[in-house]
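> Below are the structure tokens for one structure; questions will follow.
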Amino acid sequence: MYWEKDIETMDRRELDSYQLNKLNETLQLAGRSPYYRSLSRREELNFKEIKSIEEIKELPFTTKKNLQDGFPYDFLAVDLKDVVRLHSSSGTTGNPTVVYHTKEDIETWENLIARCMYMTGVREDDIFQNMMGYGLFTGGIGFHYGAEKLGVLTIPIGPGNSARQIWFLRKFKTSVIHILPSYALRLYSFFNEMEINPRKDLNLKIAFIGAESHSEEIRRKIEDLYGIKAYNSYGLSEMCGPGVAFECPCQKGMHVWEDHFYMEIINPDTGKVLPEGEEGELVLTTFKRRAMPLIRYRTGDLTRIIPGTCDCGRTHRRIDRIKGRTDDMLIINGVNIFPIQIEMILMRIPEIGHNYLIEIRKENYMDRLYIKVELNEEVFIGTLFELEKLQVRITDDLKSELGVTPVVKLVEPSSLPVSEGKAKRVYDLRNN
Ligand SMILES: [Zn+2]
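Counting from 9, one number per residue, gives the positions in the sequence shown under the numbering used here.
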């Protein structure tokens, strides 16, 4: 049983004092790592006991750059002999971000994922096909261990190879999948080609979608195409991996597991903590990580805390879907735009297919936003007049949301490039 009622519905005041204890534990533990020890030597961090959780605001932030500079072992708070695994991000510049786990960390993590999956209704008799990447990336392995812990038959198929995915889905009557949202849409076009209707011909009931920021519209589309419930999952390798926050059956935001993490939302420019409901950067402190405790880690992910309590009865607060990363924001002729705003508009238009691409170019010293949009099969064979009308409508919708007039190009279904891993849909060509 992975419904931890006492913890998940803990009285708020009780949860606060639980967190205070855990925070003091984390501070003591972090003090064993060379990085945090050096902060305390420079008097930037004080390891004295904290009396109120509010005092966390006075502690310094930890950033991705700190982790990179501390490569390879500066954040390790235990002896190397107690470490059983590492995960690492594929850093394109500088050192990779490496995260270490003790045996206890792995167990804590798998229990956390089991809790998430159980919450959405996954049980021992389910068949789970894990279409996420395995390896240094935490998405695949995290769910794998959690599902096994729950006692679910787990198929470690990994991403890609759509024909094989579909064969497994059918032969083993898979009921639960873990999939990138962009891949869920792409896989659907394979079903179409093979004239299989996932709603009728499969046994699917639940999908976990995460690792890419995506709009509510994309989630609804996936639910509709497959006839399933799709739950949003949030995590990052620095905290453990997936399992940091997860949607309950109410699907109104993701519960952050506050017995494991302390969350704050800050203004990314000033570092000031923002009140509930306001959008900013998510900052997390670990409570149960042993190998590598982190204090006030700046995730770079933009979201907000959803005010109020959830109908499911859980007291752990919820965050909204991730709007993007602080570094995803595009500034087009002085106007701030997040790619997810564009996706939200596009996916509301039924004539649009499953893929789109955003390009920003510099023309005559001005920024120009190009959006290529795949049409769906039926619309593509429409008349030229109809297509022109549709193009105008899409442009108008985008203009009123973004405050910038894009150049919209309608393209054939399945004609835009797709990537094996996370979707790359934004190409900023201004510096080329
Ligand atoms: Zn809930």
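Where is the CB? At the ideal position from N, CA and C, for every residue including glycine.
Treat the numbers as computed from the prediction; the structure is a model and nothing was measured.
Return the chain-ordered list of same chain residues with a C-beta closer than 8 Å to the C-beta of Glu-289, the five sequence neighbours on each side being excluded.
Numbered from 1 along the sequence shown, position 281 holds the residue referred to as residue 289. Cβ within range, chain order: Ile-273, Ile-274, Asn-275, Pro-276, Arg-306, Thr-307, Gly-308, Asp-309, Leu-310, Thr-334.
> Alpha carbon to alpha carbon, how far is Leu-177 from Ile-58? Give it in angstroms, no decimals.
The sequence position of residue 58 within the sequence shown is 50, counting from 1. The sequence position of residue 177 within the sequence shown is 169, counting from 1. Looking at the two C-alpha atoms, the distance is approximately 51 Å.
> Can you tell me whether Asp-328 sits near ligand 1, meaning its C-beta is under 8 Å from at least one heavy atom of the ligand?
For this step, residue 328 is matched to residue 320 along the sequence shown. Checking every heavy atom of ligand 1 against the Cβ of Asp-328, none is found closer than 8 Å.
> Are the segment 139-153 and the segment 183-194 touching by the rule of at least three beta carbon pairs closer than 8 Å?
Flag = yes, the segment 139-153 and the segment 183-194 touch.
> Distance, Cα to Cα, Met-352 vs Leu-365?
Taking the sequence shown and counting its residues from 1, one reaches residue 352 at position 344. Taking the sequence shown and counting its residues from 1, one reaches residue 365 at position 357. Approximately 13 Å between the Cα atoms of the pair.
> Can you tell me where the beta strand (DSSP E) with Ser-96 in it begins and where it stops?
Residue mapping note: residue 96 aligns to position 88 of the sequence shown, counting from 1. Counting along the chain, the beta strand (DSSP E) containing Ser-96 begins and ends at 91-96.
> If you draw a straight line from the C-alpha of Pro-104 to the C-alpha of Ser-245, how long is it?
Within the sequence shown, numbered from 1, the residue matching residue 104 stands at position 96. Within the sequence shown, numbered from 1, the residue matching residue 245 stands at position 237. Cα to Cα, the separation comes out at about 12 Å.
> Leaving out five residues before and five after Cys-256 in sequence, what residues of the same chain have Cβ atoms less than 8 Å from its Cβ?
For the purposes of this step, residue 256 is identified with residue 248 of the sequence shown, where counting begins at 1. Taken in chain order, the residues that qualify are Met-127, Thr-128, His-263, Cys-318, Cys-320, Arg-322.
> Give me the residue from Asn-344, Leu-383, Ile-379 with the minimum Cα distance to Asp-404.
The residue given as residue 404 occupies position 396 in the sequence shown. Comparing Cα-Cα distances from Asp-404 to each of Asn-344, Leu-383, Ile-379, the minimum goes to Ile-379.
> Spatial neighbours of Leu-395 within its chain, please: CB distance less than 7 Å, with the 5 preceding and 5 following residues excluded, ordered by chain position.
Here residue 395 is taken as the residue at index 387 of the sequence shown, counted from 1. Correct list, in chain order: Leu-418.
> So, Pro-250 versus Gly-261, is the Cβ gap smaller than 9 Å?
Counted from its first residue, the sequence shown places residue 250 at position 242. Counted from its first residue, the sequence shown places residue 261 at position 253. Contact flag unset, no.
> Does Arg-131 have its Cβ less than 9 Å from a Cβ in chain D?
In summary, chain D is missing from the structure at hand, where a single protein chain is found.
> Within the present structure, is the beta-carbon of Asp-319 separated from the nearest heavy atom of ligand 1 by less than 8 Å?
Position 311 of the sequence shown, counted from the start, is the residue given in the question as residue 319. Answer for Asp-319: yes, Cβ within range of ligand 1.
> For Val-107 and Val-92, what's the separation of their Cα atoms in angstroms?
Position 99 of the sequence shown, counted from the start, is the residue given in the question as residue 107. Position 84 of the sequence shown, counted from the start, is the residue given in the question as residue 92. Spanning the two alpha carbons is a distance of roughly 11 Å.
> Return yes when the C-beta of His-263 is under 8 Å from any heavy atom of ligand 1, and no when it is not.
Against the sequence shown, residue 263 aligns to sequence position 255. Yes, ligand 1 has a heavy atom inside 8 Å of this Cβ.
> Secondary structure at Pro-68, three-state DSSP: helix, strand or coil?
Numbered from 1 along the sequence shown, position 60 holds the residue referred to as residue 68. Pro-68 falls in the coil class under three-state DSSP.
> Leaving aside the five residues before and after Leu-144 along the sequence, list all residues of the same chain whose C-beta is less than 6 Å from its C-beta, in chain order.
Residue mapping note: residue 144 aligns to position 136 of the sequence shown, counting from 1. His-95, Ser-96, listed in sequence order.
> Using 8 Å as the Cβ pair cut-off and three pairs as the minimum, do the segment 164-177 and the segment 107-127 touch?
Judged by Cβ distances under 8 Å, the segment 164-177 makes no contact with the segment 107-127, as fewer than three pairs qualify.
> Answer yes or no: the CB of Cys-258 versus the heavy atoms of ligand 1, is any distance below 8 Å?
Position 250 of the sequence shown holds residue 258. Checking the Cβ of Cys-258 against ligand 1 gives yes.
> Answer yes or no: the CB of Arg-325 versus the heavy atoms of ligand 1, is any distance below 8 Å?
Reading the sequence shown from its first residue, position 317 is the one you call residue 325. Not so, every heavy atom of ligand 1 lies at least 8 Å from the Cβ.
> What residue from Glu-367, Ile-402, Asp-267, Lys-213 has the CA that sits closest to Asp-14's CA?
Here the question's residue 14 lines up with position 6 in the sequence shown. Here the closest residue by C-alpha is Asp-267.
> Can you grab the Cα-Cα spacing for the pair Ser-241 / Arg-227, in whole Å?
By 1-based counting over the sequence shown, the position of residue 241 is 233. By 1-based counting over the sequence shown, the position of residue 227 is 219. Cα-Cα distance, rounded: 12 Å.
> Just to confirm before moving on: does the CB-CB distance between Glu-420 and Phe-393 stay below 9 Å?
As a first step, residue 420 must be located in the sequence shown, where it is residue number 412. As a first step, residue 393 must be located in the sequence shown, where it is residue number 385. Cβ distance not < 9 Å, so Glu-420 and Phe-393 don't count as in contact.
> By the 10 Å Cβ neighbour count, where 16 or more other Cβ atoms means buried, how is Gly-7 classified, buried or exposed?
Outside the displayed span of the chain (9 to 440) sits residue 7, for which this structure offers no information.
> With a threshold of 8 Å (Cβ to nearest heavy atom), would Arg-228 be considered close to ligand 1?
Start at 1 with the first residue of the sequence shown, and residue 228 comes out as number 220. Flag unset: Cβ of Arg-228 not near ligand 1.
> Asn-384 and Pro-358: beta carbons closer than 9 Å?
Your numbering for residue 384 matches position 376 in the sequence shown. Your numbering for residue 358 matches position 350 in the sequence shown. In this structure, Pro-358 lies closer than 9 Å to Asn-384 by Cβ.
> Do the segment 289-301 and the segment 231-239 meet, that is, are 3 or more Cβ pairs less than 8 Å apart?
As far as the Cβ criterion goes, the segment 289-301 does not touch the segment 231-239, which means the pair count is below three.
> Taking buried to mean at least 16 other C-beta atoms within 10 Å of its own C-beta, is Met-355 buried or exposed?
By 1-based counting over the sequence shown, the position of residue 355 is 347. The residue is buried, with at least 16 neighbouring Cβ atoms inside 10 Å.
> With a 10 Å radius around its C-beta and 16 neighbouring C-beta atoms as the bar for buried, classify Glu-16 as buried or exposed.
Residue mapping note: residue 16 aligns to position 8 of the sequence shown, counting from 1. Burial call: buried.
> On a Cα-Cα basis, can you pick out the residue from Gly-361, Lys-407, Asn-341 that is closest to Glu-371?
Reading the sequence shown from its first residue, position 363 is the one you call residue 371. Selected option, being the one with the closest Cα: Asn-341.
> Assign Gln-36 to one of three DSSP states: helix, strand, or coil.
If you number the sequence shown from 1, residue 36 lands on position 28. If DSSP states are grouped into helix, strand and coil, Gln-36 belongs with the helices.
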